[in-house]
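Here is the structure we will look at.
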Ligand SMILES: [Cu+2]
């Protein structure tokens, strides 16, 4: 069955740069975000490659200690604040969530556009900081160093502060949208799980991000007028900064991972062609993660001089975070069990997620254990754990999601062969890069140094080769995805034979999303009751 | 629907006056109580009265009592999160040095805080304590 691109769709219904920069269409705003966020990902990636290049040998190749401090700080700040926090909610949440609930747009389209402009302002502050002295505090801005360094702390704090508001606006918008704009007949338990995940994320964004704003504002005041909150010379407490910072930043880890988990739920159901197992468990475990995530921040401070009582309490509570994540993993596996699984590219990303995120999760339990963390703190073990969760988790999910919804966003399909090669490259490259870092960490290789003892030469070199493989993989993805926008084969409305609502409208959709009002006729995962319409290809069962 | 009803809800003037005078009475009590010394209870009493006053304002002047329940949920929820933050942080700040005694040199000997500590009043005693803790954490974090 051959498909064609519909004559009129949201991409060509209005033309000219003004129609993009003034757009109120959630789909176009999603694409505006995609451009900025993916550019940030590219920038952060360049810094990552520079770091791995420097670490090929213990000698100084590119950078000395000061430059290296700047490079890893910028890698972290760009990847966290400019890429991973906004990535899934702002790009795919914006584009897909209203379609999934059968809405014409988000609840506050103007606020949505404003949030993008605020993001751009934050981006500009970050770039300004980059060119006016850089930043060498790491992405965590710990006092007292952040209070003393001569680098551009104020601009970068302003950037993170401003970006926080963009995040809050997006979260607020999504909460109202999901409450008020669901298609008639769509109850909470007929929402696709991606929407549940976006909802839980939005709650954290609204609850936690203001605390980051307060923290950064206090730090700026400390630097500019010396109010003495964090400065021990004035009766302040530098560890208090860490409390403030992690009260936001631990939940922020769930802002980063929860939407990814939502994508994985969609991918696994669609490509197993099976009703998702334990729908309510998956939905509520998102809320469970959102809640328990607020009670564990002190596990970042076991060796910071925090009281022993606090350390014990935080370590104990940290173990509970494993439960909702475990529930999700097991439900996904149960969904796949006896399903007719098709290994299209998005599913390959989902499987990579399952493997890598599980490793990241389990090593998180290791690090949450107070006695072990005293030894592993600030080693490469932590670096590796964090990357297994964030890259192995969120980045696998966002690329899975991009491949899954690419035909919906642009109406065209990418080259499946190249796409599968890219997944393999990334999966292999990722493990080559980071698995050895667990080993180095246990042997005492500290993080954040441009040099190391000769005994680590082999493993550091190996790790750098992995980074290169990943770099090639992401480059390949960039090439074939952009090629697909212009030259890809028309995909048709529902290339994956999925049952969620975004596939019931043409690809790309019209500006108003649906012809007339959308009504719910079947649940999002009723594979046992309904045969999906408009299927492009017939699946072989494996 | 419910929201509209809440907005149109007009309370009798007498209720406003009653709540208002209640607030005034509580203010007088606050001032009176401040003249006496209850030792450790000082803070608790003052905060207790303040909480009652804030609750009255939120319930009646800000109409929280008559609004949709969701606003109450959001309001109480945000207070709860603030409580979590403060209490958990106090698990740390109040209990440092439980196992190992903390010994620390002043971080900056010429700092203002240590000068007030030498005058020997009750308030500067507390300040000296906290600077003692802070100086300790400083020496520890500087290792990283
Ligand atoms: Cu954490």
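Chains as they are written, first to last, in the numbering used here: chain A, 21 to 562; chain B, -12 to 131.
Here a beta-carbon is modelled for each residue, glycine too, at the ideal position from N, C-alpha and C.
Check: Please go through the region 38 to 77 of chain A and give each complete alpha helix (DSSP H) segment of 4 or more residues, from N-terminal end onward.; Outcome: 46 to 74
Check: Mind checking residue 29 of chain B: buried by the 16 CB within 10 Å criterion, or exposed?; Outcome: exposed
Check: Among residues of its own chain, excluding the 5 on either side of residue 98 of chain A, which ones have a beta-carbon nearer than 8 angstroms to its beta-carbon?; Outcome: 60, 63, 64, 67, 146
Check: Rounded to whole angstroms, what is the Cα-Cα separation between residue 104 of chain A and residue 155 of chain A?; Outcome: 19 angstroms
Check: Residue 117 of chain A and residue 215 of chain A look like a contact to me (Cβ under 8 angstroms); what is the Cβ gap, rounded to whole Å?; Outcome: 6 angstroms
Check: Check the DSSP bridge columns for residue 212 of chain A and list the partner residues they point to.; Outcome: Beta-bridge pairing links residue 212 of chain A to no other residue.
Check: Which residues, in chain order, does the region 66 to 79 of chain B contribute to contact with chain A at a C-beta distance below 8 angstroms?; Outcome: 68, 71, 72, 75, 76, 78, 79
Check: Residue 281 of chain A bridges to which residues according to DSSP?; Outcome: Answer is none; residue 281 of chain A lacks a bridge partner.
Check: Is residue 18 of chain A helix, strand or coil when you go by DSSP?; Outcome: With chain A represented from 21 up to 562, any question about residue 18 of chain A goes unanswered, as that position is not in the structure.
Check: Apart from the five residues just before and just after residue 114 of chain A, which ones in its own chain have a Cβ nearer than 8 angstroms to its Cβ?; Outcome: 46, 47, 49, 50, 53, 126, 132, 190
Check: What would DSSP say about residue 433 of chain A, mapped onto helix, strand or coil?; Outcome: strand
Check: Could you compute how far the alpha carbon of residue 429 of chain A sits from the alpha carbon of residue 168 of chain A?; Outcome: 47 angstroms
Check: Looking at the structure shown, is residue 34 of chain A part of a helix, part of a strand, or coil, going by DSSP?; Outcome: coil
Check: Within its chain, find whatever has a CB closer than 8 angstroms to the CB of residue 300 of chain A; leave out the 5 residues flanking it on each side and keep chain order.; Outcome: 209
Check: For the region 323 to 348 of chain A, which residues have a beta carbon sitting closer than 7 angstroms to at least one beta carbon of chain B?; Outcome: 324, 325, 326, 327, 328, 329, 330, 333
Check: Consider the C-beta atom of residue 386 of chain A and the heavy atoms of ligand 1; say whether any pair is separated by less than 7 angstroms.; Outcome: no
Check: Any beta carbon of chain B sitting closer than 8 angstroms to that of residue 183 of chain A?; Outcome: no
Check: Measure how close the beta-carbons of residue 201 of chain A and residue 123 of chain A come, nearest whole angstrom, since I'm counting them as under 8 angstroms.; Outcome: 4 angstroms
Check: Taking C-alpha atoms, which residue in A/505, A/547, A/341 lies nearest to residue 516 of chain A?; Outcome: A/547
Check: So residue 263 of chain A contacts chain B; which residues on that side make the cut at Cβ distance below 9 angstroms?; Outcome: 72, 75, 76, 79, 80
Check: Taking residue 162 of chain A as part of the alpha helix (DSSP H), name the residues at either end of that continuous run.; Outcome: First-last for residue 162 of chain A: undefined, no H or E at that position.
Check: Bridge partners for residue 55 of chain B per DSSP, in chain order?; Outcome: The partner list for residue 55 of chain B (beta bridge, DSSP) is empty, contrary to what the question assumes.
Check: Can you pull the chain A neighbours of residue 56 of chain B, defined as C-beta to C-beta under 8 angstroms?; Outcome: Ordered by position in chain A, no residue passes the 8 angstroms Cβ test against residue 56 of chain B, which lies about 14 angstroms from the chain.
Check: Ignoring anything shorter than 4 residues or poking outside the region 5 to 45 of chain B, list the alpha helix (DSSP H) runs there in chain order.; Outcome: 28 to 43
Check: Using 7 angstroms as the cut-off, classify the Cβ of residue 273 of chain A as near or not near the heavy atoms of ligand 1, replying yes or no.; Outcome: yes
Check: Within 10 angstroms of its Cβ, does residue 37 of chain A collect 16 or more other Cβ (buried), or is it exposed?; Outcome: exposed
Check: Would you say residue 86 of chain B lies against chain A (beta-carbon separation less than 8 angstroms)?; Outcome: yes
Check: Evaluate residue 85 of chain B with the Cβ neighbour count: other Cβ atoms within 10 Å of its Cβ, from every protein chain shown; 16 or more gives buried, anything less gives exposed.; Outcome: exposed
Check: Would the C-beta of residue 611 of chain A count as close to ligand 1, meaning under 7 angstroms from any of its heavy atoms?; Outcome: In the structure as shown, chain A begins at 21 and stops at 562. Residue 611 of chain A is therefore absent and cannot be evaluated.
Check: State yes or no: is the beta carbon of residue 318 of chain A nearer than 8 angstroms to at least one beta carbon in chain B?; Outcome: yes
Check: Can you tell me whether residue 550 of chain A is helix, strand or coil according to DSSP?; Outcome: coil
Check: Residue 448 of chain A: beta carbon under 7 angstroms from a heavy atom of ligand 1?; Outcome: no
Check: Confirm the yes/no value for this check: CB of residue 316 of chain A, any heavy atom of ligand 2, distance under 7 angstroms.; Outcome: Because ligand 2 does not appear in the structure shown, any question about it cannot be addressed here, the ligands present being ligand 1.
Check: Can a CB atom of chain B be found closer than 8 angstroms to the CB of residue 67 of chain A?; Outcome: no
Check: Is residue 327 of chain A closer than 8 angstroms to residue 78 of chain B when the C-beta atoms are compared?; Outcome: yes
Check: Ligand 1 and residue 405 of chain A: does any heavy atom of the ligand fall closer than 7 angstroms to the residue's C-beta?; Outcome: no
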